[in-house]
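Residue numbers (full-length UniProt numbering): 1 to 190. This report refers to the structure that appears directly beneath it.
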């Protein structure tokens with residue numbers, strides 16, 4: 001294990017969660033090919049062919065949905081697949097999101113933000129955290145938020161963290177060790 005993933009006390013760092021998502025059995029990715037084009041790809045790390053729904057959407061930083069499209073895709077076993085090449089929005093204040101759905105559940109998601117991040121004018125995302133029960137929280141946003149980090153102390157372990165939250169796409173996390181501790185949120189530009 002790399003020290004980039006954990007600290008001296010074996011508490012996970014943000015890189016741990018990013019790498020864990022990229023090593024999942026099903027992964028979707030967005031890659032800027034040029035100023036005008038973005039490649040959409042996916043990886044199926046299983047030994048079986050998988051039928052999924054690919055959803056692509058774009059959202060501006062005010063939280064408005066600009067475009068959305070869905071289509072069926074078949075991922076061959078144990079390989080990466082190029083799924084599409086889409087036009088990059090001309091506005092650099094737009095976030096692209098790709099999600100893979102299987103049997104009505106999201107199994108992979110990713111976002112593509114304009115870079116460098118320092119040139120983005122990020123409004124307050126108005127994040128909401130709901131404690132569903134003692135082991136589950138749901139996080140949502142009114143506007144896109146980059147790199148959301150949830151923290152409730154050293155004894156708390158999250159199923160995922162360092163998230164990009166897009167309006168209309170709440171993310172549910174499992175958590176252990178969370179009792180009555182307050183959850184602190186940090187994100188890019190805060």
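Positions of the beta carbon are idealized from the N, C-alpha and C atoms, including for glycine. Note that the structure is predicted; figures quoted are calculated from it, not measured.
Can you tell me the Cα-Cα spacing of residue i and residue j, whole angstroms?
i	j	result
residue 73	residue 9	42 Å
residue 127	residue 33	31 Å
residue 75	residue 82	10 Å
residue 174	residue 109	17 Å
residue 169	residue 2	31 Å
residue 176	residue 135	6 Å
residue 220	residue 181	Residue 220 lies beyond the stretch modelled for the chain, which goes from 1 to 190, so this question has no answer here.
residue 79	residue 43	6 Å
residue 133	residue 106	21 Å
residue 156	residue 114	32 Å
residue 6	residue 116	26 Å
Between the Cα of residue i and the Cα atoms of the options, which residue gives the shortest distance?
i	options	result
residue 92	84, 102, 112	112
residue 145	105, 39, 97, 133	97
residue 68	58, 153, 172	58
residue 27	101, 5, 172	101
What does a CB cutoff of less than 8 Å around residue i pick up in its chain, not counting 5 residues either side in sequence?
i	result
residue 129	137, 138, 139, 150, 183, 185
Rounded C-beta distance between residue i and residue j? I'm assuming under 8 Å.
i	j	result
residue 165	residue 95	Between residue 95 and residue 165 the Cβ distance is about 10 Å, and since that is not below 8 Å, they are no contact.
Within a Cβ cutoff of 6 Å, which residues of the same chain sit near residue i, ignoring the five residues on either side of it in sequence?
i	result
residue 125	141, 143, 145
residue 85	37, 39
residue 55	70, 99
Under DSSP, the alpha helix (DSSP H) around residue i begins and ends at which residues?
i	result
residue 18	14-22
What residue range is occupied by the uninterrupted beta strand (DSSP E) comprising residue i?
i	result
residue 121	Element bounds for residue 121: n/a, residue is neither H nor E.
Starting from the C-beta of residue i, find all residues in its chain whose C-beta is less than 7 Å away, skip the five residues before and the five after it, and write them out in chain order.
i	result
residue 189	122
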